[in-house]
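Peer 1: Just so you know, we're using my numbering here: the sequence shown kicks off at -7 and counts up by one.
Using N, Cα and C, we set each Cβ at its ideal position, and we do this for glycine too.
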Amino acid sequence: MTPIDTPNAPGAIGPYSQAMQTGDLLFVSGQLPIDPATGAFAAEDAAGQMRQCLANIAAIAQAAGTDMSRTVKTTILLTDLSGFEAVNAVYAEAFAAPFPARACYEVSALPKGAMVEVEAVIGC
-7 MTPIDTPNAP GAIGPYSQAM QTGDLLFVSG QLPIDPATGA FAAEDAAGQM
43 RQCLANIAAI AQAAGTDMSR TVKTTILLTD LSGFEAVNAV YAEAFAAPFP
93 ARACYEVSAL PKGAMVEVEA VIGC
């Protein structure tokens, strides 16, 4: 297993790696909508937060020598499913058919008060 770490995505806020590569797969930890340049949320709405989560995943994928087009599976966590339509629209901008497998859950809270968190499994 190889840990992946890049300054182009927010650092882990706990005892975990941004991602771990094993074999032909990259397992990206849940990414919050934190702009790595500022350390603050990139947006206050679900769509803007989703966009930053995906940008963070893309930066980690690039650091591992792969890209978002090789995404196999994502998991999206939302604090309010009423934002699902907006998040889904941003997701559709980031991926093309065949789309990755996906799960989406509403949760009661996310770290640092985020509205969205996304994790991914990406082929290498």
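Kindly indicate which residue of Asp27, Gly15 and Asn0 has the alpha-carbon position closest to the one of Gln44.
Peer 2: Gln44 has its Cα closest to that of Asp27, out of Asp27, Gly15 and Asn0.
Peer 1: Cutting at 7 Å between CB atoms, please list the residues of its own chain near Pro103, excluding the five before and the five after it.
Peer 2: Excluding residues within five positions, the ones whose Cβ falls inside 7 Å are Ile5 and Leu24.
Peer 1: Report buried or exposed for Thr(-6), applying the criterion of at least 16 other Cβ atoms within 10 angstroms of its Cβ.
Peer 2: Thr(-6) is exposed by the Cβ-count criterion.
Peer 1: Assuming Leu69 and Val108 make a contact with CB atoms under 8 Å, what is their CB distance in whole Å?
Peer 2: Confirmed, Cβ separation roughly 7 Å.
Peer 1: Roughly how many angstroms separate the alpha carbons of Ser100 and Asp72, rounded to a whole number?
Peer 2: So the alpha carbons of these two residues sit roughly 8 Å apart.
Peer 1: Enumerate in chain order the residues of its own chain whose CB-to-CB distance from Ile49 is below 6 Å, with the five nearest sequence positions on each side excluded.
Peer 2: Excluding positions up to five away in sequence, the list reads Val20, Gln23 and Ala112.
Peer 1: Is DSSP giving Cys116 helix, strand or coil here?
Peer 2: Cys116 falls in the coil class under three-state DSSP.
Peer 1: Going by the beta-carbon positions, is the gap between Thr14 and Ala51 smaller than 8 Å?
Peer 2: No, the pair does not count as a contact, with Cβ atoms beyond the cut-off.
Peer 1: Starting from Ile49 and walking both ways along the alpha helix (DSSP H), at which residues does that stretch end?
Peer 2: Ile49 -> alpha helix (DSSP H) spans Ala38 to Ala55.
Peer 1: Just to confirm, is the Cβ distance from Leu17 to Ile(-4) under 8 Å?
Peer 2: Going by C-beta atoms, Leu17 is not nearer than 8 Å to Ile(-4).
Peer 1: Going by CA-CA distance only, name the one from Ala38, Ala1 and Pro2 that's closest to Glu77.
Peer 2: The candidate whose alpha carbon is nearest that of Glu77 is Ala38.
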